[in-house]
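Count the sequence shown with the numbering used here and you get residues 218 to 483, in order.
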Amino acid sequence: MLENVWIAALVAIFAWWFATGVILLVVRRADNSDGHLWATLGNVPLLILGGAGAWITFTDTSLFGVYGAFFSALAIWGWIELAFLTGVIAGPNRYPLRAGVPEWERFIRAWGTVAYHEVALVMALMALSLFAYGMPNKFAFWTFAILYVARISAKLNLYLGVRKVNTEFIPKPLVHVPSHFRESRINWLFPTSVTGLSFAVACFMERIADAPTPAAAIGFTLLAVMTALALLEHWFMVVRLPDEKLWRWMLPKEQDTTSGGPENAL
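Spelled out as C-alpha coordinates, the structure:
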(Lines of atoms letter the chains of each structure in order from A and count residues from 1; the text may use other names and numbers.)
(Lines give C-alpha, C1' and ligand atoms only; values in the text may rest on other atoms or scores of the structure.)
Protein backbone atom coordinates (compact mmCIF):
# COMPACT_ATOMS: atom_id res chain seq x y z
CA MET A 1 0.00 0.00 0.00
CA LEU A 2 2.84 2.40 0.81
CA GLU A 3 4.08 2.00 -2.76
CA ASN A 4 0.97 3.82 -4.02
CA VAL A 5 1.80 7.42 -4.93
CA TRP A 6 -1.67 8.58 -3.85
CA ILE A 7 -1.14 7.09 -0.40
CA ALA A 8 2.25 8.83 -0.29
CA ALA A 9 0.56 12.11 -1.18
CA LEU A 10 -1.93 11.66 1.67
CA VAL A 11 0.93 10.81 4.04
CA ALA A 12 2.72 14.04 3.11
CA ILE A 13 -0.42 16.14 3.58
CA PHE A 14 -1.17 14.55 6.95
CA ALA A 15 2.46 14.96 8.07
CA TRP A 16 2.36 18.66 7.13
CA TRP A 17 -0.92 19.24 8.99
CA PHE A 18 -0.15 17.09 12.02
CA ALA A 19 3.43 18.29 12.52
CA THR A 20 2.34 21.93 12.31
CA GLY A 21 -0.46 21.28 14.80
CA VAL A 22 1.81 19.51 17.27
CA ILE A 23 4.37 22.33 17.17
CA LEU A 24 1.63 24.93 17.72
CA LEU A 25 0.22 22.85 20.57
CA VAL A 26 3.59 22.55 22.32
CA VAL A 27 4.23 26.27 21.90
CA ARG A 28 0.76 27.22 23.17
CA ARG A 29 1.23 25.10 26.28
CA ALA A 30 4.66 26.64 26.78
CA ASP A 31 3.05 30.07 26.52
CA ASN A 32 0.48 29.17 29.14
CA SER A 33 3.11 27.87 31.55
CA ASP A 34 6.06 30.12 30.60
CA GLY A 35 8.02 26.94 29.92
CA HIS A 36 9.52 27.86 26.57
CA LEU A 37 13.06 26.75 27.38
CA TRP A 38 11.94 23.44 28.85
CA ALA A 39 9.64 22.78 25.88
CA THR A 40 12.62 23.20 23.57
CA LEU A 41 15.08 21.18 25.65
CA GLY A 42 12.52 18.46 26.30
CA ASN A 43 12.17 17.87 22.57
CA VAL A 44 15.89 17.62 21.80
CA PRO A 45 15.43 13.84 21.34
CA LEU A 46 13.34 14.72 18.28
CA LEU A 47 16.36 16.47 16.77
CA ILE A 48 18.63 13.55 17.66
CA LEU A 49 16.22 11.02 16.15
CA GLY A 50 15.94 13.14 13.01
CA GLY A 51 19.70 13.37 12.63
CA ALA A 52 20.19 9.65 13.27
CA GLY A 53 17.37 8.76 10.89
CA ALA A 54 18.82 10.92 8.13
CA TRP A 55 22.25 9.35 8.63
CA ILE A 56 20.89 5.80 8.49
CA THR A 57 18.73 6.39 5.42
CA PHE A 58 21.44 8.00 3.27
CA THR A 59 22.45 4.52 2.14
CA ASP A 60 18.97 2.95 2.18
CA THR A 61 17.13 3.20 -1.13
CA SER A 62 14.25 0.97 -0.07
CA LEU A 63 10.70 2.23 0.35
CA PHE A 64 11.12 2.46 4.11
CA GLY A 65 14.41 4.25 3.61
CA VAL A 66 12.67 6.92 1.53
CA TYR A 67 9.89 7.39 4.07
CA GLY A 68 12.45 7.37 6.87
CA ALA A 69 14.49 10.08 5.15
CA PHE A 70 11.37 12.21 4.69
CA PHE A 71 10.28 11.97 8.31
CA SER A 72 13.84 12.45 9.57
CA ALA A 73 14.08 15.75 7.71
CA LEU A 74 10.70 16.79 9.16
CA ALA A 75 11.94 15.96 12.66
CA ILE A 76 15.05 18.12 12.27
CA TRP A 77 13.02 20.94 10.75
CA GLY A 78 10.31 20.64 13.41
CA TRP A 79 12.73 20.98 16.31
CA ILE A 80 14.41 24.05 14.82
CA GLU A 81 10.98 25.62 14.22
CA LEU A 82 9.98 24.83 17.80
CA ALA A 83 13.17 26.43 19.07
CA PHE A 84 12.34 29.53 17.03
CA LEU A 85 8.71 29.79 18.13
CA THR A 86 9.66 29.41 21.77
CA GLY A 87 12.18 32.22 21.34
CA VAL A 88 15.14 30.03 22.32
CA ILE A 89 16.71 30.29 18.86
CA ALA A 90 15.35 33.50 17.33
CA GLY A 91 17.51 36.61 17.06
CA PRO A 92 19.17 39.37 19.09
CA ASN A 93 16.46 41.93 18.31
CA ARG A 94 13.51 41.48 20.70
CA TYR A 95 11.87 44.87 20.19
CA PRO A 96 9.00 46.04 17.96
CA LEU A 97 9.90 48.14 14.96
CA ARG A 98 9.70 51.88 15.52
CA ALA A 99 7.57 53.87 13.13
CA GLY A 100 9.32 55.92 10.46
CA VAL A 101 12.66 54.11 10.33
CA PRO A 102 14.46 54.12 6.95
CA GLU A 103 14.27 50.98 4.83
CA TRP A 104 17.87 49.94 5.42
CA GLU A 105 17.34 50.06 9.19
CA ARG A 106 14.04 48.20 8.87
CA PHE A 107 15.81 45.38 7.03
CA ILE A 108 18.61 45.15 9.60
CA ARG A 109 16.14 45.10 12.48
CA ALA A 110 13.97 42.52 10.74
CA TRP A 111 17.04 40.34 10.17
CA GLY A 112 17.87 40.73 13.84
CA THR A 113 14.57 39.13 14.85
CA VAL A 114 15.37 35.84 13.04
CA ALA A 115 19.17 35.81 12.68
CA TYR A 116 19.93 32.88 14.99
CA HIS A 117 17.10 30.87 13.47
CA GLU A 118 18.40 31.45 9.96
CA VAL A 119 21.92 30.43 10.99
CA ALA A 120 20.56 27.22 12.54
CA LEU A 121 18.64 26.38 9.36
CA VAL A 122 21.66 27.02 7.14
CA MET A 123 23.88 24.89 9.37
CA ALA A 124 21.38 22.02 9.26
CA LEU A 125 21.04 22.35 5.49
CA MET A 126 24.82 22.37 5.01
CA ALA A 127 25.24 19.33 7.26
CA LEU A 128 22.60 17.37 5.35
CA SER A 129 24.15 18.44 2.05
CA LEU A 130 27.62 17.38 3.17
CA PHE A 131 26.58 13.96 4.44
CA ALA A 132 24.21 13.30 1.52
CA TYR A 133 26.92 13.98 -1.07
CA GLY A 134 27.57 10.84 -3.05
CA MET A 135 24.91 8.87 -1.19
CA PRO A 136 22.14 7.01 -3.06
CA ASN A 137 19.27 8.34 -0.92
CA LYS A 138 19.23 12.13 -0.80
CA PHE A 139 15.55 12.58 0.06
CA ALA A 140 16.28 13.83 3.59
CA PHE A 141 18.38 16.63 2.11
CA TRP A 142 15.86 17.49 -0.59
CA THR A 143 12.95 17.53 1.87
CA PHE A 144 14.81 19.92 4.16
CA ALA A 145 15.96 22.03 1.19
CA ILE A 146 12.37 22.49 -0.02
CA LEU A 147 11.23 23.53 3.45
CA TYR A 148 14.16 25.94 3.72
CA VAL A 149 13.65 27.63 0.35
CA ALA A 150 9.90 27.91 0.90
CA ARG A 151 10.41 29.41 4.37
CA ILE A 152 12.93 31.99 3.14
CA SER A 153 10.54 32.94 0.35
CA ALA A 154 7.64 33.26 2.79
CA LYS A 155 9.64 35.43 5.18
CA LEU A 156 10.80 37.74 2.41
CA ASN A 157 7.25 38.09 1.10
CA LEU A 158 5.98 38.95 4.59
CA TYR A 159 8.75 41.52 4.90
CA LEU A 160 8.05 43.08 1.49
CA GLY A 161 4.28 43.03 2.00
CA VAL A 162 1.33 40.69 1.43
CA ARG A 163 -2.43 41.10 1.71
CA LYS A 164 -2.89 38.72 4.66
CA VAL A 165 -0.54 38.67 7.63
CA ASN A 166 -1.80 36.01 10.02
CA THR A 167 -0.73 36.79 13.58
CA GLU A 168 -3.22 34.55 15.38
CA PHE A 169 -0.63 31.94 16.35
CA ILE A 170 2.26 34.27 17.19
CA PRO A 171 3.72 33.08 20.54
CA LYS A 172 4.67 35.34 23.44
CA PRO A 173 8.43 35.36 22.76
CA LEU A 174 7.82 36.61 19.20
CA VAL A 175 5.15 39.28 19.72
CA HIS A 176 7.60 41.83 18.31
CA VAL A 177 8.05 40.01 14.99
CA PRO A 178 4.80 41.07 13.20
CA SER A 179 5.79 44.74 13.53
CA HIS A 180 8.45 43.99 10.91
CA PHE A 181 5.88 42.63 8.44
CA ARG A 182 4.09 44.80 5.92
CA GLU A 183 0.60 44.58 4.48
CA SER A 184 0.13 45.46 0.81
CA ARG A 185 -1.71 44.13 -2.22
CA ILE A 186 1.32 42.41 -3.75
CA ASN A 187 5.09 42.76 -3.87
CA TRP A 188 7.61 42.25 -6.65
CA LEU A 189 8.88 38.94 -5.22
CA PHE A 190 5.54 37.13 -4.94
CA PRO A 191 5.10 36.30 -8.66
CA THR A 192 8.65 34.96 -8.76
CA SER A 193 8.03 32.85 -5.65
CA VAL A 194 4.84 31.19 -6.88
CA THR A 195 6.30 30.68 -10.36
CA GLY A 196 9.40 29.03 -8.95
CA LEU A 197 7.41 26.77 -6.62
CA SER A 198 5.01 25.85 -9.44
CA PHE A 199 7.95 24.95 -11.68
CA ALA A 200 9.45 22.82 -8.90
CA VAL A 201 6.16 20.94 -8.48
CA ALA A 202 6.09 20.25 -12.22
CA CYS A 203 9.70 19.03 -12.16
CA PHE A 204 9.03 16.63 -9.29
CA MET A 205 5.93 15.32 -11.01
CA GLU A 206 7.99 14.67 -14.13
CA ARG A 207 10.50 12.79 -11.99
CA ILE A 208 7.69 10.65 -10.59
CA ALA A 209 6.81 9.50 -14.09
CA ASP A 210 10.44 8.69 -14.90
CA ALA A 211 11.44 7.26 -11.51
CA PRO A 212 13.66 4.18 -11.87
CA THR A 213 12.15 2.39 -8.85
CA PRO A 214 8.85 2.48 -6.93
CA ALA A 215 10.71 3.83 -3.91
CA ALA A 216 12.11 6.73 -5.96
CA ALA A 217 8.60 7.48 -7.26
CA ILE A 218 7.37 7.69 -3.67
CA GLY A 219 10.24 9.99 -2.75
CA PHE A 220 9.50 12.40 -5.58
CA THR A 221 5.79 12.25 -4.71
CA LEU A 222 6.57 13.35 -1.16
CA LEU A 223 8.72 16.18 -2.49
CA ALA A 224 6.07 17.26 -5.00
CA VAL A 225 3.34 17.38 -2.37
CA MET A 226 5.46 19.30 0.14
CA THR A 227 6.34 21.82 -2.56
CA ALA A 228 2.68 22.12 -3.55
CA LEU A 229 1.77 22.75 0.09
CA ALA A 230 4.42 25.46 0.27
CA LEU A 231 2.89 26.99 -2.86
CA LEU A 232 -0.54 26.85 -1.21
CA GLU A 233 0.82 28.60 1.89
CA HIS A 234 2.14 31.38 -0.34
CA TRP A 235 -1.30 31.85 -1.90
CA PHE A 236 -2.83 32.00 1.58
CA MET A 237 -0.81 35.21 2.06
CA VAL A 238 -2.71 36.96 -0.73
CA VAL A 239 -6.09 35.20 -0.70
CA ARG A 240 -8.11 35.90 2.44
CA LEU A 241 -9.14 32.39 3.44
CA PRO A 242 -9.43 31.23 7.09
CA ASP A 243 -6.63 28.66 6.85
CA GLU A 244 -5.97 29.09 10.58
CA LYS A 245 -9.10 26.99 11.22
CA LEU A 246 -7.07 23.93 10.24
CA TRP A 247 -5.32 24.07 13.63
CA ARG A 248 -7.29 26.45 15.85
CA TRP A 249 -9.69 23.76 17.07
CA MET A 250 -6.90 21.56 18.43
CA LEU A 251 -5.18 24.22 20.54
CA PRO A 252 -5.95 25.09 24.17
CA LYS A 253 -7.07 28.64 24.84
CA GLU A 254 -4.33 31.13 25.46
CA GLN A 255 -4.25 32.46 29.00
CA ASP A 256 -4.56 36.21 29.51
CA THR A 257 -1.22 37.99 29.76
CA THR A 258 0.03 41.52 30.22
CA SER A 259 2.18 41.41 27.10
CA GLY A 260 -0.49 43.06 24.99
CA GLY A 261 0.75 41.21 21.91
CA PRO A 262 -0.98 38.95 19.41
CA GLU A 263 -1.50 35.25 19.91
CA ASN A 264 0.73 32.30 19.14
CA ALA A 265 2.70 30.91 16.35
CA LEU A 266 4.02 30.83 12.89
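C-beta: ideal position from N, C-alpha, C; glycine also.
Since we're looking at a predicted model, the values are computed, not measured.
In this structure, 275 is the residue among 275, 237, 375, 250 with its C-alpha nearest to the C-alpha of residue 357.
Partner residues in the beta bridge of residue 379, as assigned by DSSP, are 400. In the structure shown, residue 303 adopts coil according to DSSP, grouped into three states. When rounded, the separation of the alpha-carbon atoms in residue 361 and residue 302 is 18 Å. As the crow flies, the alpha-carbon of residue 353 is around 15 Å from that of residue 431.
Excluding its 5 nearest sequence neighbours in each direction, residue 370 has C-beta neighbours in its own chain below 6 Å: 410, listed in chain order. With 16 or more other CB atoms across the displayed protein chains lying within 10 angstroms of its CB, residue 418 is buried. The Cβ atoms of residue 465 and residue 381 lie no closer than 8 Å to each other. With distances taken between CA atoms, residue 400 lies nearest to 455 out of 420, 455, 416, 241.
Non-local beta-carbon contacts of residue 406 in its own chain, meaning distances under 8 Å to residues more than five positions away in sequence, involve 370, 373, 374, 377 in chain order.
At a Cβ-Cβ threshold of 8 Å, residue 468 and residue 299 do not count as neighbours. Residues of the same chain with a CB within less than 8 Å of the CB of residue 461, apart from the 5 flanking positions on each side, are 383, 385, 386 in chain order. When rounded, the separation of the alpha-carbon atoms in residue 291 and residue 364 is 9 Å. In this chain, the alpha helix (DSSP H) harbouring residue 248 covers 222-250. Here the alpha carbons of residue 436 and residue 323 stand approximately 40 Å from one another. Bounds of the alpha helix (DSSP H) holding residue 426 are 406-426.
Pairing residue 248 with residue 423, the inter-Cα distance amounts to about 44 Å.
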